[in-house]
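So in our numbering, the last one in the sequence shown is 153, and the numbering has no gaps at all. Ideal placement from N, C-alpha and C gives every residue a C-beta, glycine not left out. What follows is a set of notes on a single structure, which appears directly below.
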Amino acid sequence: MTRLLKWERQALKGDFSAMPAPFDWDQSGRFAHFLNGYEVAGGMNPLAGLALTMSAQARKTGKWEGSALDLWLCLFFQHRAHRHTGSEGGDPNLDALCETLRLALSRLTPHEARSLASRLTQNAI
29 MTRLLKWERQ ALKGDFSAMP APFDWDQSGR FAHFLNGYEV AGGMNPLAGL
79 ALTMSAQARK TGKWEGSALD LWLCLFFQHR AHRHTGSEGG DPNLDALCET
129 LRLALSRLTP HEARSLASRL TQNAI
């Protein structure tokens, strides 16, 4: 079993306050998989639809938008896509996704954060 960083352990409990700032793609791989995007989104097709729509909008406007959950689902999808295609990170757009997600998580109320944390698992990878 991989040892989690302190901020990752806190995030699994719904405390996102210790996430690295800025949060970038290189830090997000394990974190992205704390959420099983396939399960939460209701399967590959709904997940892909959401992620591709959000990605297209971000390319068009230059900024990521959406709820913390939708941004996390998009991050999960992007990591899965990169894994399956063998792509590398280094895309500033993906760094922006990570930082936008961190900011969205930081704005959650304690109740919202606990609710989101109830969907997380460190075994989703």
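Residue closest to residue i, alpha-carbon to alpha-carbon, out of the options
i	options	result
residue 49	146, 77 and 130	130
residue 98	119, 46, 112 and 144	144
residue 148	111, 101 and 31	101
residue 90	108, 106 and 119	119
residue 209	31, 107 and 138	Any property of residue 209 remains undetermined from this structure, which presents the chain solely from 29 to 153.
residue 109	32, 42, 72 and 138	72
residue 138	42, 35, 33 and 78	42
Rounded distance between the beta-carbons of residue j and residue i, thought under 8 Å
i	j	result
residue 82	residue 70	Contact doesn't hold; Cβ gap of about 16 Å is too wide.
residue 141	residue 44	6 Å
residue 80	residue 66	Not quite, the Cβ-Cβ distance comes to about 15 Å (not below 8 Å), so this is no contact.
residue 46	residue 103	Actually they do not touch by this definition, with Cβ atoms about 18 Å apart.
residue 92	residue 86	5 Å
residue 39	residue 96	In fact, because the Cβ distance is near 12 Å, the residues do not count as touching under 8 Å.
Endpoints, the alpha helix (DSSP H) within which residue i is located
i	result
residue 120	120-134
residue 141	138-145
residue 37	34-40
Every unbroken alpha helix (DSSP H) inside the region 57-109 [4 residues or more]: 57-60, 65-69 and 72-89
Segment contact flag, the region 42-57 with the region 117-126, C-beta cutoff 8 Å, min 3 pairs: Yes, the region 42-57 touches the region 117-126.
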